[in-house]
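**Q** Residue numbers (the working numbering): -10 to 249. The beta-carbon is built from N, C-alpha and C at its ideal position, and this holds for glycine as well.
(1) Give me the residue from 185, 194, 168 and 190 with the minimum Cα distance to residue 179.
(2) Mind checking residue 13: buried by the 16 CB within 10 Å criterion, or exposed?
(3) Check for me: the beta strand (DSSP E) holding residue 101 runs from which residue to which?
(4) Could you pull the start and end residues of the alpha helix (DSSP H) that residue 38 belongs to?
(5) Short check: CB of residue 84 to CB of residue 95, under 8 Å?
(6) Roughly how many whole angstroms lie between the Cα atoms of residue 246 and residue 71?
(7) Within its chain, find whatever has a CB closer than 6 Å to the CB of residue 73; leave out the 5 residues flanking it on each side and keep chain order.
(8) Please name the residue, chosen from 146, 145 and 92, that lies closest to residue 208 on a Cα-to-Cα basis.
(9) Within the stretch 148 to 195, note down every full beta strand (DSSP E) run reaching 3 residues or more, in order along the chain.
(10) Looking at residue 24: is its Cβ nearer than 8 Å to the Cβ of residue 3?
(11) Under DSSP, the alpha helix (DSSP H) around residue 136 begins and ends at which residues?
(12) Am I right that residue 31 and residue 20 are in contact with their C-beta atoms under 8 Å? What's the rounded C-beta distance?
(13) Cα separation between residue 97 and residue 205?
(14) Rounded to whole angstroms, what is the Cα-Cα separation between residue 53 and residue 160?
(15) In terms of residue numbering, what span does the alpha helix (DSSP H) encompassing residue 52 cover?
(16) Would you tell me roughly how many angstroms separate the C-alpha atoms of residue 37 and residue -3, rounded to the nearest one?
(17) Check whether the Cβ atoms of residue 189 and residue 231 lie closer than 8 Å to each other.
(18) Please classify residue 97: does DSSP put it in a helix, a strand, or coil?
(19) Tell me residue 197's beta-bridge partners as DSSP assigns them.
(20) Measuring only the C-alpha atoms, how far is residue 202 from residue 108?
(21) Find the nearest neighbour of residue 181 within the set 101, 58 and 131, judged by alpha-carbon distance.
(22) What does the alpha-carbon distance come out to for the pair residue 138 and residue 75?
(23) Hey, residue 89 and residue 6: beta-carbon distance below 8 Å or not?
(24) Check the C-beta distance from residue 58 over to residue 42 and give it rounded, since I have them as a contact under 8 Å.
(25) If we define contact as Cβ-Cβ less than 8 Å, is residue 142 a contact residue for chain C?
(26) Which residue marks the beginning of the alpha helix (DSSP H) containing residue 90, and which one marks its end?
(27) Going by Cα to Cα distance, which pick from 60, 22, 223 and 133 is closest to residue 168?
(28) Comparing alpha-carbon positions, which option in 240, 86 and 28 lies nearest residue 51?
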């Protein structure tokens, strides 16, 4: 797939996710403003979604809503998520037991990162799930693993968005984040200190498909400084867990296809 085709596909998906996030009518002008599109480009993307049966035009010109076809797509996505959750459950249980800390797996959907598997650690002081359920791409170690392995033009788009955020919306710096993403790709893991929850440290590693694309991220999170130095054992456990997911994911999908 060429860069232009990949960019167009990403834009269509981003627009579809905008509809999903709103849950109501979205206008063409709103799409133009949100994504910086010309009127002709917005019409082209909307026509693609209508042709695929994912959105429906309203009686009032320039207004659109999700169609029943989108519900069918969501059902397929939920099935994928259930497959992943079932696969990682025993892996996370073992990871949490080996490290003594909370373990989780995340998957990227558009510009958000969602938790698809979670296992509390055995320690008395544990990390809650809520902060990791749904995060933007620029906050937390897991999200940054996903962002670091996106196409460069998408990374730049996210960085440009970050540069427009107020200190109340995001306390980071786009320039430092860009360097951090390079470091993540070079060393193979990301760390976070108190970004999602005060006093919580986390370390995340990528989970790759056999074709080299990013499938997920696996994370260990701990209260205090227990996860502050990932080289002290955590990375080995994380990488073993990531390798297991990479190895077992194709088998799980093959089993689903056979059952179907």
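**A** Concretely, from the data shown:
(1) 194
(2) exposed
(3) 101 to 108
(4) 28 to 40
(5) no
(6) Any answer about residue 246 is weak, because its pLDDT of 47 lies below 50 and its placement is not dependable; what the coordinates show is given next. C-alpha separation (whole angstroms): 15 Å.
(7) 105
(8) 92
(9) 179 to 182
(10) yes
(11) 130 to 137
(12) 5 Å
(13) 7 Å
(14) 35 Å
(15) From DSSP, residue 52 is part of no alpha helix (DSSP H) but of the beta strand (DSSP E) over 52 to 55.
(16) 11 Å
(17) no
(18) strand
(19) 203
(20) 25 Å
(21) 131
(22) 25 Å
(23) no
(24) 3 Å
(25) Among the chains of the structure shown, chain C does not appear; only one protein chain is present.
(26) It is not in any alpha helix (DSSP H) - residue 90 carries neither H nor E in the DSSP assignment.
(27) 133
(28) 28
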